[in-house]
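Undergrad: Take a look at this one; I'll ask things after.
Protein chains in written order, with this note's numbering: chain H, 248 to 388; chain F, 248 to 388.
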């Protein structure tokens, strides 16, 4: 089974490890890494690690078979290229537009979802960064 | 060949990937992860990820065979337990006390060092965090 997942994967945390492990139980995992420009557009800021750095780190994780960069123009392009059996979504990832595109494409890809909330989130990470690097630490840089 | 390396490994970055890849070219890599209390003592602050989280992430990296937590009382204990052929040090890691202890122990472990400066450092990481989470972002948490 070919499993496709997608995400920012900016600073690998235990929530990612859990999500990737669950994905790998379904089959061989291909990860689509969000482009820097896409993250800037959606978050209003650059990622901490750029797309090539995020790709490099993911390529070195045991449960991942293949890592590709996303398509800036059409998010569905990697699905058309990879033709996965399963798209595995995280608890907060939106699916209705993907379902529509799969139906149109005739690919037969199944959408599955990790329903458990991840034991870790980006906002938890941010809370920890700010605890470790408090306001006055900017003076040192 | 059994290769031992040690470090904090708090937030995996491309410098770690490079260091771990170089270590794995020498043999099977065992990583000693610094304890939270040790980091607090040396850095004056807690790590972003606790010791079990750092261990979990490392255990999922392809180039690592085994991950153990450090010893809070005597940093040399993991060397005595693991009996590595090589201890592989990063460019900033201190070695003279390790050499002394190896000589005393009669282990015959060889010390090797990555001489290239890592293409990434903790201070670079800090600079990026502060850029991404600027001062006024503390209001949101």
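The beta-carbon is built from N, C-alpha and C at its ideal position, and this holds for glycine as well.
So is residue 248 (chain F) buried or exposed if we call it buried at 16+ other beta carbons inside 10 Å?
TA: It is exposed - the Cβ of residue 248 (chain F) has fewer than 16 other Cβ atoms within 10 Å.
Undergrad: Closer than 8 Å is the cut-off here; do at least three beta carbon pairs connect the stretch 272 to 283 of chain H with the stretch 275 to 289 of chain F?
TA: Segments in contact, no.
Undergrad: Taking only three categories from DSSP, how would you classify residue 356 (chain F)?
TA: Coil.
Undergrad: Looking at chain H, is there any beta carbon in it that lies within less than 7 Å of the beta carbon of residue 305 (chain F)?
TA: False, the Cβ-Cβ gap to chain H never drops below 7 Å.
Undergrad: On the premise that residue 330 (chain H) lies in contact with residue 354 (chain H), defined as a C-beta separation below 8 Å, what is that separation, rounded to the nearest angstrom?
TA: Yes, they are in contact, since the Cβ atoms of residue 354 (chain H) and residue 330 (chain H) sit about 6 Å apart, within 8 Å.
Undergrad: Listed from N- to C-terminal order along the chain, which residues in the stretch 287 to 306 of chain H have their beta-carbon within a distance smaller than 8 Å of any beta-carbon of chain F?
TA: Taking 8 Å as the Cβ-Cβ cut-off against chain F, the residues of the stretch 287 to 306 of chain H that qualify are 292, 293, 294, 295, 296, 300, 303, 304.
Undergrad: Given this structure, state the Cα-to-Cα distance separating residue 267 (chain F) from residue 301 (chain H), to the nearest angstrom.
TA: Cα to Cα, residue 267 (chain F) sits roughly 16 Å from residue 301 (chain H).
Undergrad: Do the CB positions of residue 258 (chain H) and residue 258 (chain F) come within less than 7 Å of each other?
TA: Going by C-beta atoms, residue 258 (chain H) is nearer than 7 Å to residue 258 (chain F).
Undergrad: Determine whether the Cβ of residue 331 (chain H) lies closer than 7 Å to any Cβ atom of chain F.
TA: Answer no: the Cβ-Cβ gap between residue 331 (chain H) and chain F never drops below 7 Å.
Undergrad: What residues of chain H sit near residue 272 (chain F), judged by a beta carbon separation below 9 Å?
TA: What residue 272 (chain F) touches in chain H: nothing, since even the nearest Cβ is about 14 Å away.
Undergrad: Show which residues of chain F have a CB atom less than 7 Å away from the CB atom of residue 282 (chain H).
TA: In chain order: nothing, as chain F lies at least about 17 Å away.
Undergrad: In chain order, which beta strand (DSSP E) runs of at least 3 residues are fully inside the stretch 274 to 342 of chain H?
TA: Counting whole runs of 3 or more residues, the stretch 274 to 342 of chain H contains the beta strand (DSSP E) stretches 275 to 280, 313 to 316, 333 to 336.
Undergrad: With a cut-off of 7 Å, does the C-beta of residue 261 (chain H) fall near any C-beta of chain F?
TA: Taking Cβ atoms only, chain F reaches closer than 7 Å to residue 261 (chain H), which makes this a yes.
Undergrad: If you reduce the DSSP assignment to three classes, tell me which class residue 252 (chain H) lands in.
TA: Reduced to three states, the DSSP call for residue 252 (chain H) is strand.
Undergrad: Under the three-state reduction of DSSP, which class applies to residue 265 (chain H): helix, strand or coil?
TA: Helix.
Undergrad: Between residue 252 (chain F) and residue 336 (chain F), what straight-line distance do the alpha-carbon atoms span, to the nearest angstrom?
TA: Taking the straight line from one Cα to the other gives about 6 Å.
Undergrad: Looking at the structure shown, is residue 258 (chain H) part of a helix, part of a strand, or coil, going by DSSP?
TA: Looking at residue 258 (chain H) - three-state DSSP - the assignment turns out to be coil, as it is neither helix nor strand.
Undergrad: Check whether the Cβ atoms of residue 317 (chain H) and residue 282 (chain H) lie closer than 7 Å to each other.
TA: Their beta carbons are under 7 Å apart, which means residue 317 (chain H) touches residue 282 (chain H) by this criterion.
Undergrad: Which residues of chain H have a Cβ atom closer than 8 Å to the Cβ of residue 379 (chain F), listed in chain order?
TA: Here the neighbours are 292, 293, 294, 295.
Undergrad: Using a 10 Å radius around the Cβ and a threshold of 16 neighbouring Cβ atoms, would you call residue 305 (chain F) buried or exposed?
TA: Buried: at least 16 other Cβ atoms inside 10 Å.
Undergrad: So residue 293 (chain F) and residue 379 (chain H) are in contact, right, with Cβ under 8 Å, and what is the actual spacing, rounded?
TA: At roughly 7 Å, the Cβ-Cβ gap stays under 8 Å, so residue 293 (chain F) and residue 379 (chain H) are in contact.
Undergrad: Can you give the Cα-Cα distance for residue 357 (chain F) and residue 365 (chain F), rounded to whole angstroms?
TA: The alpha-carbon atoms of residue 357 (chain F) and residue 365 (chain F) are separated by roughly 22 Å.
Undergrad: At a Cβ threshold of 7 Å, is residue 315 (chain H) touching chain F?
TA: It does not: the Cβ of residue 315 (chain H) has no partner Cβ on chain F nearer than 7 Å.
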